[in-house]
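Working notes, beginning with the structure itself.
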Amino acid sequence: MLRIHFTAADLSRVRLAASPDPMWETALSMHVVQSRNFDPLLSGWRRNLLRLLHPAGRLQKQTAMAFALNPPLGYFPDFLTPHEASESIEAGLASLLATPKARLRREIEFLGKPQGELGSGLDDLRRGSRGALMTLSDGLRSYFEAALAPVWLRIAATVDADRAVRAHQFLLGGIGRLLDNLAPTVRFHDQVLEVHHVRRDSDLYLNGRGLVLIPSFFKEDGNVMLLADPSLPPVVVYPVDRHIRVTLEARHQATTALIGATRAAILEMATAGVTATYAAQQLRMTVSAASRHLAVLANAGLVYRVREGNRLHHLLSPLGLSLLSPTTTPLAYTQAPGGGSLIPGEHSTDLSLGGRSLHTYGS
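Written out as structure tokens, the structure reads:
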């Protein structure tokens with residue numbers, strides 16, 4: 000059992016992340032890809048991604064180092080999930096590139112000596128090679144753009160709905176009720192958060208640092224996850240409420256029934272900005288067929304067209320947003336990886352009741 004010890008100051012500094020963390024979602028979604036036991040609601044997403052990750056494909060080669068560092072069970076390096084990623088995927092990747100050599104060596108060695116053809120590449124990373132770090136960063140960016148950016152609005156809507164549930168728990172029963180309901184294996188009493196079913200018995204003393212609670216779309220049900228290094232800013236990553244996931248998935252299926260599976264998939268891609276060429280590559284169709292689908296969506300007012308040089312980008316309109324996420328208020332948009340596309344941005348709120356505050360953070 001892991002015990003997280005709170006002081007009164009820590010309880011006043013519990014914060015709820017205002018949006019999904021792109022680096023945590025990247026790492027945990029990789030677990031889903033590699034695992035045989037996964038939420039059936041993710042089967043369609045996983046099946047589509049596995050097609051892109053076929054052995055002879057470019058994405059598989061680009062992400063090989065990232066997957067080697069991130070096994071589906073047990074430890075993976077903390078430097079893959081820097082706290083700066085709460086701002087954006089690019090901020091997270093910039094932090095990864097600035098990881099000190101001593102930390103790279105320590106965390107990779109704790110992971111264990113890799114076997115196979117990637118051994119030399121991870122040895123270079125262990126030594127702090129700039130080229131190896133760039134390979135890892137580029138691979139994570141490519142994975143995010145292929146796997147998460149097309150469904151980011153669905154992820155964000157699910158996390159946003161989960162935050163509303165957690166805020167309601169806080170309003171009804173204070174911080175204790177919030178912490179006591181993070182997962183079935185978690186219990187909070189006497190200013191200690193007990194995490195059961197962990198491999199070793201240990202204690203984490205917050206000592207006034209507070210705690211960030213990070214809801215995750217891809218975290219498996221049943222338990223929470225923490226960073227391995229207790230000296231890092233403390234976080235608890237917990238799975239979003241499954242009932243919310245089921246409800247929003249049902250709405251996604253209703254959208255699919257309304258406009259068709261192909262156009263629903265392209266509409267989701269438009270949350271990150273999409274061209275006909277990209278949609279064709281993702282859905283394995285001709286560019287002309289993707290263009291026709293995008294034209295239908297544009298004529299219906301579900302996407303905007305924005306020309307950049309000789310490229311025609313399609314971005315989700317407010318009407319398209321309301322169709323994909325009818326219960327979610329419009330999100331701000333920020334620059335996405337690569338500089339050309341858009342992803343839902345982040346915001347911050349501060350919930351208070353009777354002088355007690357539950358802070359959420361974002362940019």
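Quick note on numbering that gives the first Met the number 0: the sequence shown kicks off at 0 and runs consecutively. Cβ atoms here follow ideal geometry from the backbone N, Cα and C, with glycine treated the same way.
Identity of the residue in the options nearest residue i by Cα
i       : options                               : result
Pro-99  : Arg-126, Met-29 and Gly-319           : Arg-126
Phe-143 : His-167, Val-239 and Ser-28           : Ser-28
Met-22  : Leu-92, Ala-263, Gly-308 and Ala-97   : Leu-92
Ala-425 : Ala-148, Asn-69 and Arg-45            : An answer regarding residue 425 cannot be provided, because it is not within the stretch 0 to 362 covered by the chain.
His-4   : Lys-60, Asp-189, Ala-84 and Gly-111   : Asp-189
Gly-56  : Ala-145, Leu-10, His-312 and Arg-244  : Ala-145
Ala-294 : Leu-266, Leu-110, Arg-283 and Leu-282 : Leu-266
Tyr-204 : Leu-171, Leu-96 and Val-234           : Val-234
Arg-241 : Gln-33, Val-32, Leu-110 and Phe-37    : Phe-37
Thr-62  : Leu-132, Arg-102 and Trp-44           : Leu-132
Ser-316 : Leu-296, Glu-307, Arg-310 and Gly-308 : Leu-296
Ala-8   : Ala-97, Ala-289, Glu-108 and Arg-208  : Arg-208
Leu-103 : Val-211, Pro-238, Leu-124 and Gln-281 : Leu-124
Leu-225 : Pro-76, Asn-47 and Gln-33             : Pro-76
Arg-12  : Pro-232, Trp-44 and Asp-159           : Pro-232
Gly-120 : Arg-304, Phe-66 and Gly-43            : Phe-66
Three-way DSSP call (helix, strand, coil) for residue i in this model
i       : result
Leu-330 : Interpretation of Leu-330 is limited by its pLDDT of 34, a score under 50 that renders its predicted location unreliable; no figure is taken from the coordinates.
Arg-14  : strand
Leu-72  : coil
His-313 : strand
Pro-39  : helix
Ile-342 : Its pLDDT being 35, under 50, Ile-342 is placed unreliably by the model, and the measurement read from it follows with that caveat. Residue state, collapsed to three classes: strand.
Met-224 : strand
Glu-116 : Low confidence applies here, because Glu-116 scores a pLDDT of 48, under 50, leaving its location unreliable; read the following figure in that light. Note: Glu-116 maps to coil in three-state DSSP.
Ser-201 : strand
His-195 : coil
Glu-307 : strand
Arg-105 : helix
Phe-66  : helix
Leu-181 : coil
His-82  : helix
Arg-208 : coil
Leu-52  : coil
Phe-143 : helix
Ser-290 : helix
Arg-283 : coil
Pro-336 : Annotation note: pLDDT 36 at Pro-336 (below 50); position unreliable, coordinate value reported separately. It is coil, neither helix nor strand.
Phe-187 : strand
Arg-126 : coil
For residue j and residue i, believed in contact at Cβ under 8 Å, the rounded distance
i       : j       : result
Glu-193 : Met-64  : The Cβ separation is near 36 Å, so there is no contact.
Thr-157 : Leu-247 : 5 Å
His-30  : Pro-81  : So it is not a contact: roughly 18 Å between Cβ atoms.
Leu-40  : Arg-250 : Going by Cβ atoms, the distance from Leu-40 to Arg-250 rounds to 12 Å, so no, they are not a contact pair.
Leu-10  : Arg-162 : Not confirmed; about 19 Å, so no contact.
Leu-110 : Leu-68  : 7 Å
Val-236 : Ala-269 : With 8 Å as the limit, Val-236 and Ala-269 do not qualify as a contact, their Cβ atoms being about 28 Å apart.
Leu-282 : Ala-264 : 6 Å
Cβ-Cβ distance between residue i and residue j below 8 Å
i       : j       : result
Thr-254 : Leu-314 : no
Ala-227 : Tyr-74  : yes
Gly-300 : Leu-318 : yes
Asn-180 : His-196 : no
Thr-261 : His-292 : yes
Thr-6   : Asn-206 : yes
Asp-202 : Arg-35  : no
Ala-213 : Asp-20  : First, the residue type needs correcting, since residue 213 is Ile and not Ala in the sequence shown. Yes; because the gap between Cβ atoms is below 8 Å, this pair is in contact.
Ile-174 : Phe-216 : no
Ser-141 : Leu-58  : yes
Leu-51  : Val-32  : no
Pro-238 : Ala-160 : no
Ala-90  : Ala-84  : yes
Beta strand (DSSP E) runs wholly inside the region 218-276, at least 3 long, in chain order: 234-238
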